[in-house]
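Novice: In mature numbering (1 follows the signal peptide of the UniProt record, and there is no 0), the protein residues as written are -19 to -1, 1 to 130.
Backbone N, C-alpha and C fix where the C-beta goes; we use that ideal spot for every residue, glycine too.
Quantities reported herein were computed from a predicted structural model and do not represent experimental measurements.
What follows is a structure written as structure tokens; I'll ask about it next.
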């Protein structure tokens, strides 16, 4: 019995550890390449200093989100207050924020990216702000946004 319990605890702990170790791209060029290779939309998380952390802690840090995101999107985090980012990258990130119509932080934008003849284009799917109610409701709304039928 003890051995079975230990095995169960091992699997559960590895599952929860994986939920905390999401791979967020911070380089938009890398994310675009993955978007095109994997044929998945981008989930672009726009955030900055002083932005509420509820989306991060109540949604992104959950096992439900980890499983859903792995199967459905390419994660991109653009911190508009990151002092380690070059001026050119910061300008690009702010331009993307403005182009997608993100007016408050934090906010998520879903988009498809493609490159043709050296030019990158984005097809905005929609915006998702933080919504109270935990990850299941947020994931349900995001899934509906990603696949309207």
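1) Mapping DSSP to helix, strand and coil, what is residue 27?
2) Could you check how far apart the C-beta atoms of residue 81 and residue 69 are, in whole angstroms? I think they sit under 8 Å.
3) Determine, using beta carbons only, whether residue 94 and residue 13 come nearer to each other than 7 Å.
4) Determine the direct distance from the alpha carbon of residue 18 to that of residue -8, and round the result to whole angstroms.
5) Are the CB atoms of residue 28 and residue 87 within a distance shorter than 7 Å?
6) Report the partner residues of residue 107 according to the DSSP bridge assignment.
Specialist: On the basis of the supplied data:
1) The count along the chain shown starts at 1 and reaches residue 27 at position 46. In this structure, residue 27 counts as strand in the three-state DSSP scheme.
2) What you label residue 81 is simply residue 100 of the chain shown in a count that begins at 1. What you label residue 69 is simply residue 88 of the chain shown in a count that begins at 1. Actually they do not touch by this definition, with Cβ atoms about 19 Å apart.
3) Residue 94 sits at position 113 when you count from the first residue of the chain shown. Residue 13 sits at position 32 when you count from the first residue of the chain shown. Yes.
4) Reading the chain shown from its first residue, position 12 is the one you call residue -8. Reading the chain shown from its first residue, position 37 is the one you call residue 18. Confidence is the limiting factor: at residue -8 the pLDDT is only 45, short of 50, which leaves the residue's position unreliable and the question unanswerable from this model.
5) Looking up residue 87 in the chain shown gives position 106. Looking up residue 28 in the chain shown gives position 47. For residue 87 and residue 28, yes; Cβs fall inside 7 Å.
6) On the chain shown, position 126 is the one that residue 107 refers to. For residue 107, which the question treats as bridged, DSSP gives the partners 91.
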